[in-house]
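Going line by line, the protein sequences match chains A and B. Sequential numbering of the first sequence, starting at 67, is according to the numbering used here. Sequential numbering of the second sequence, starting at 3, is according to the numbering used here. Even for Gly, the Cβ is constructed at its ideal location relative to N, Cα and C. Note that the coordinates shown come from a computational prediction; the quantities given were computed from them, not determined experimentally.
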Amino acid sequence: MNGASSYAGLVDRAFIFILGTSVLLLVGVTAVMIGFIIRYRRSKNPNPAQIEGSATLETIWTVLPTILVLVMFYYGWAGFKVMRDIPDGAEQVTVKAKKWSWLFEYENGKESTELMVPVGRPVALNLTSSDVIHSFFVPAFRLKEDCVPGRTNHAWFEAIRPGRFDLLCAEYCGDQHSAMLSKVVAVPADSFDAWLGLDSGPPTGRQLLDLRGCAACHTIDGKKLVGPSFKGVFGEKVTVMTDGVERTIEVDEDYLRRSILNPKADLVGGYEDKMPEQRDLVTDEEVEAIIKFIKGLR
Amino acid sequence: MAGPDGGAPAFGTTGSYLDTFPGSQGAWGWLTTVDHKKIGLMYASAMFTFFLVGMALGLLIRLELLNPGTQFIGPRAYNSVFTLHGVIMIFLFIVPGIPAILGNFILPLQLGADDVAFPRLNLLSWYVYMVGAVMAIVSLFTNGGTPDTGWTFYAPYAVTTDTNVSMAVMAAFVLGFSSILTGMNFITTIHRLRAPGMGFFRMPLFCWGLYATAWIQIIATPVVGITLVLLFLERVLGIGFFDPSRGGDPILYQHLFWIYSHPVVYVMILPAMGIISEILPAFSRRTIFGYKAIAISSMAIAGVGYLVWGHHMLTAGMSDTARWVFSLLTFFVAIPTGVKIFNWLATLYRGSIEVRVPLLWAMGWIFLFSIGGLTGLAQGALATDIHLHDTAYIVGHFHYTMFGGAAVGLFAGMHFWFPKIYGRMYNEKRATWAFGLFMVGFNMTYFSLLVIGLMGMPRRYQDYLPQYHTGHAISTVGSWVMVSGILLMFFNLWRGYRNGKIAGDNPWGATTLEWKTTSPPPLLNFATPPTVTTGPYDFTEILEKGHDPEARS
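Here is the structure:
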């Protein structure tokens, strides 16, 4: 798999040296072991030599591996140093990870669920999480850094060619861990600037489902995930648990609003109490836009 | 054999430890025995049961991953299954495994002692282990159900999930005490109960492996005990140790967890290395190459192993300085391991080698563990680990070291000491088939994981992107081959135990003290307490007088 970041070549150089040496050592060890077993089999060699050791040999095979691993350490360190030196003037992006979605916020406040980046310009990442530990992993960039709640971790990369690259969550984070995927979209620098400068107005209800992470647990096609699907739910009669008591209600605007802001209040039967309160995470306008979108989902 | 005064032999110096005497019959006899050999077998029956359960869960994981998308267990169930697989295999099988089973059985015999230093404490350790195991099982079915955190219980996930993590971590806490007690018992036994004439540097290398292990058990286990109690308190009382929303630090949890859990991988591997150091001389009929280097490198691994825990956290957000220091230290732990491998190879040089089943397993061990060790190098180096961390490559690597290393070491030891333990021999042809199936299946299962991990497949994924399909499919098919090998191996050993050919006292022509008593040994191990005048691998007598594998006294 070809590297797509400016430092991927350095990382791959370390890989080739370490894995290449490892393969040679493995083949050597295995060949010597099998060779000795054939050469010195009892039928051929009934009288073993009692060799207790050899200071010379043992010194050699302590010193040589020491040198070898120090070289390996050096290669690893050299690649790593570049990864950690964030260039001045890099495009700043805040990565907001949560169960189970990615949100990227750019310097001018613009938000996206796929990470848009310019080819040939460094991008600095400020990695955060609002619940448990996640990990930002882009195999094509050879980049990974954890998103740890309560702190901001840092990383950077520079895409060297345009493309759509897999972005995966690498730190186990619960039910939808393996679905916590996105893309890094590398585009020519001028297209990126145009995209960033484009004011497309407030996001629609549909876009908000992605931006606010609703879509990680609620589908719009009727499929059940961690939470119920939004499809056709408006106007339906559903059974909910209110303070441990079961009751049937009709899904109306009030119910949807309550379910977004304080999901524990009326929990739909058959689902676990997993949704975090959204009270401080969405604006009133956004709630109304989402409700409007759900109403239209037939 | 007559007693010292020519009268009847003293109690416990003849017959087999499996013979009954008043007070030793039936289940009650087993449950109250203080004989280290019977306690070893009681551990064996419990642990192999757990191993088979863990294996079934592993098979289930592989089956789910045969194709992308959900096959038959959804994400929630999948998360519980891999957590269970990890908890059972790590805490109930691999960590205590070799010391508890073969260490208990063989250590006093190899030292020429009639039991461990504290036989009753030894029985208590078994009960503590069983209490921990029962707690782990109860945690699956009570109060929120099967934990879904992975065996590492990372905060804040483990603090916030509604599954029964509290009970599971307390189970691991209790199991830790069993480990500590066994470690203390073994250290005392090694210091105090060696046969006359057996200085430290005349001890068999398996004893050295257990000795280094026991120190880690005593020093490192309390750290994880305390950590897990803190996690428990955070869950139950809401004290903010690790959850940042309560003012805690999730990275602190990782430090505390790995300060124990990295040294503990050497608890798993050092005794296995000891077993390999026994098998190679026995089947080469020559002394081991570089005895002192192997003995001391065990202690070196145990020592340096304490200082490398941070390599589990190279992407967690530690300072860059901490990252390179941990990387450098990690490479230093590779050196004593390399020294051991070279010494073992040199032990085959100009030997008189007979390829029997235990040697096959030992060769398999060297091959698999070499892959395990060498794949670790790319994880120790900084730039490469950033890419590999938390991918299927890590899963492949640690299965090569822990399964290919620790568990295969146990399998090798079982085949080596089986005739001593039961006085019978298994079918060697069937054992060879089982070994072959196992090796093919093992490498299919785990080498594929190395490859897709390198391609970027993250671990603990219930579903995956299409480019990883081929690797997953090969791995799953491999798991079927491997499991048939394992089942054949257990079946063969069971058949050997039931109606295998009667084995001689020393079927392999080995030199350590356990082969100088009868098979199976008497209750008190030796008719007359042995004395030691040579190093552990002195074949002079066997080479001069010849060796009859069938001979029984």
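Residues that DSSP places opposite residue i in a beta bridge
i, result
"methionine 307(A)", "Glu312(A), Leu333(A)"
"serine 120(A)", "Answer is none; serine 120(A) lacks a bridge partner."
"tyrosine 172(A)", "Val159(A)"
"glutamate 177(A)", "Glu171(A)"
"glutamate 195(A)", "Position check: residue 195(A) holds serine in this sequence, whereas glutamate was assumed. According to DSSP, which records beta bridges pairwise, serine 195(A) is partnered with Ala163(A)."
"glutamate 211(A)", "Phe202(A)"
"alanine 115(B)", "Paired residues: none, contrary to the question."
"serine 71(A)", "Ala225(A)"
"valine 189(A)", "Glu157(A), Phe223(A)"
"valine 269(B)", "In the DSSP output, where bridge partners are listed per residue, valine 269(B) has none listed."
"lysine 290(A)", "His284(A)"
"isoleucine 504(B)", "Arg426(B)"
Residue i at chain A interface by Cβ criterion, 8 Å
i, result
"valine 397(B)", "no"
"glycine 5(B)", "At glycine 5(B) the pLDDT is 48, less than 50, meaning the model places this residue with poor confidence; the figure from the coordinates comes in the next sentence. Taking Cβ atoms only, chain A never reaches closer than 8 Å to glycine 5(B), which makes this a no."
"valine 357(B)", "yes"
"tryptophan 311(B)", "no"
"phenylalanine 74(B)", "no"
"tyrosine 448(B)", "no"
"aspartate 556(B)", "Lying before the first or after the last residue shown, residue 556(B) is absent from chain B, which here runs from 3 to 555."
"proline 460(B)", "yes"
Residue i at chain B interface by Cβ criterion, 8 Å
i, result
"tyrosine 415(A)", "Residue 415(A) lies beyond the range of chain A shown here (67 to 364); nothing can be said about it."
"arginine 240(A)", "Just to set this straight, residue 240(A) is glycine in the shown sequence, not arginine. It does; some Cβ of chain B falls within 8 Å."
"proline 329(A)", "no"
"glycine 75(A)", "no"
"glutamate 118(A)", "yes"
"glycine 293(A)", "no"
"glycine 335(A)", "no"
"arginine 108(A)", "yes"
"glutamate 237(A)", "yes"
"arginine 150(A)", "yes"
"methionine 99(A)", "yes"
"histidine 243(A)", "yes"
"glycine 86(A)", "no"
"valine 159(A)", "no"
Local conformation of residue i per DSSP, three classes
i, result
"arginine 287(B)", "coil"
"proline 235(A)", "The identity of residue 235(A) in the sequence shown is cysteine, whereas the question assumes proline. Strand, per DSSP."
"phenylalanine 223(A)", "strand"
"valine 348(A)", "coil"
"alanine 80(A)", "helix"
"valine 299(A)", "coil"
"threonine 393(B)", "strand"
"arginine 204(B)", "helix"
"aspartate 550(B)", "coil"
"histidine 559(B)", "As shown, chain B starts at 3 and ends at 555. That puts residue 559(B) outside it, with no answer to give."
"arginine 352(B)", "coil"
"arginine 364(A)", "coil"
"proline 538(B)", "coil"
"histidine 264(B)", "coil"
"valine 140(B)", "helix"
"leucine 258(B)", "helix"
"valine 183(A)", "strand"
"threonine 96(A)", "helix"
"proline 460(B)", "strand"
"lysine 110(A)", "coil"
"arginine 230(A)", "strand"
Partners in chain C for residue i, counting only beta-carbon separations shorter than 8 Å
i, result
"lysine 210(A)", "Included in the structure are the protein chains A and B, with no chain C among them."
Task: Residue ranges of each alpha helix (DSSP H) within the stretch 156-200 of chain B, 4 or longer - done: List check, alpha helix (DSSP H) in window: 159-162, 167-194.
- [ ] Indicate whether the contact test is met: 3 or more Cβ pairs, each with one atom in the stretch 265-277 of chain B and one in the stretch 210-223 of chain B, closer than 8 Å.
- [x] With the cut-off at 8 Å, the stretch 265-277 of chain B and the stretch 210-223 of chain B touch.
Open item on the list: Check whether the stretch 485-504 of chain B and the stretch 532-544 of chain B touch, using three or more Cβ-Cβ pairs below 8 Å as the test.
Closed with: The stretch 485-504 of chain B makes no contact with the stretch 532-544 of chain B; the number of CB pairs closer than 8 Å stays below 3.
Open item on the list: Within 8 Å, do at least three Cβ pairs link the stretch 158-178 of chain A to the stretch 118-127 of chain B?
Closed with: Touching, no, given that fewer than three Cβ pairs across the two stretches are closer than 8 Å.
Task: Every unbroken beta strand (DSSP E) inside the stretch 237-274 of chain A [3 residues or more] - done: With a minimum length of 3 residues, the continuous beta strand (DSSP E) runs that stay inside the stretch 237-274 of chain A are 247-253.
Task: Stretch-stretch touch, CB-based, cutoff 8 Å, three pairs: the stretch 168-188 of chain A with the stretch 273-287 of chain A - done: Contact between the stretch 168-188 of chain A and the stretch 273-287 of chain A is present, because at least three Cβ pairs lie under 8 Å.
TODO: Taking only runs that begin and end inside the stretch 28-92 of chain B, name each unbroken alpha helix (DSSP H) of 4 or more residues, in chain order.
DONE: Every unbroken stretch of the alpha helix (DSSP H) spanning 4 or more residues and falling wholly within the stretch 28-92 of chain B is given here in chain order: 28-33, 38-66, 77-89.
TODO: Report yes or no: do three or more beta-carbon pairs, one from the stretch 298-307 of chain B and one from the stretch 331-350 of chain B, lie closer than 8 Å?
DONE: As far as the Cβ criterion goes, the stretch 298-307 of chain B touches the stretch 331-350 of chain B, which means the pair count is three or higher.
- [ ] Evaluate the contact criterion for the stretch 138-151 of chain B versus the stretch 79-93 of chain B: three or more CB pairs, one atom per stretch, below 8 Å.
- [x] Touching, per the Cβ criterion.
- [ ] Spell out a yes or no on whether the stretch 277-287 of chain B and the stretch 190-204 of chain B are touching, meaning 3 or more CB-CB pairs, one atom from each, closer than 8 Å.
- [x] Contact between the stretch 277-287 of chain B and the stretch 190-204 of chain B is absent: fewer than 3 CB-CB pairs across the two stretches fall below 8 Å.
- [ ] Give, in chain order, every unbroken run of the alpha helix (DSSP H) that is at least 4 residues long and sits entirely within the stretch 355-413 of chain B.
- [x] Entirely contained in the stretch 355-413 of chain B, the alpha helix (DSSP H) runs reaching 4 residues are, in chain order, 359-382, 384-390, 394-400.
Task: Touching by the beta-carbon criterion (3+ pairs, under 8 Å), the stretch 15-24 of chain B and the stretch 519-537 of chain B - done: Proximity of the stretch 15-24 of chain B to the stretch 519-537 of chain B meets the contact definition, three or more beta-carbon pairs being nearer than 8 Å.
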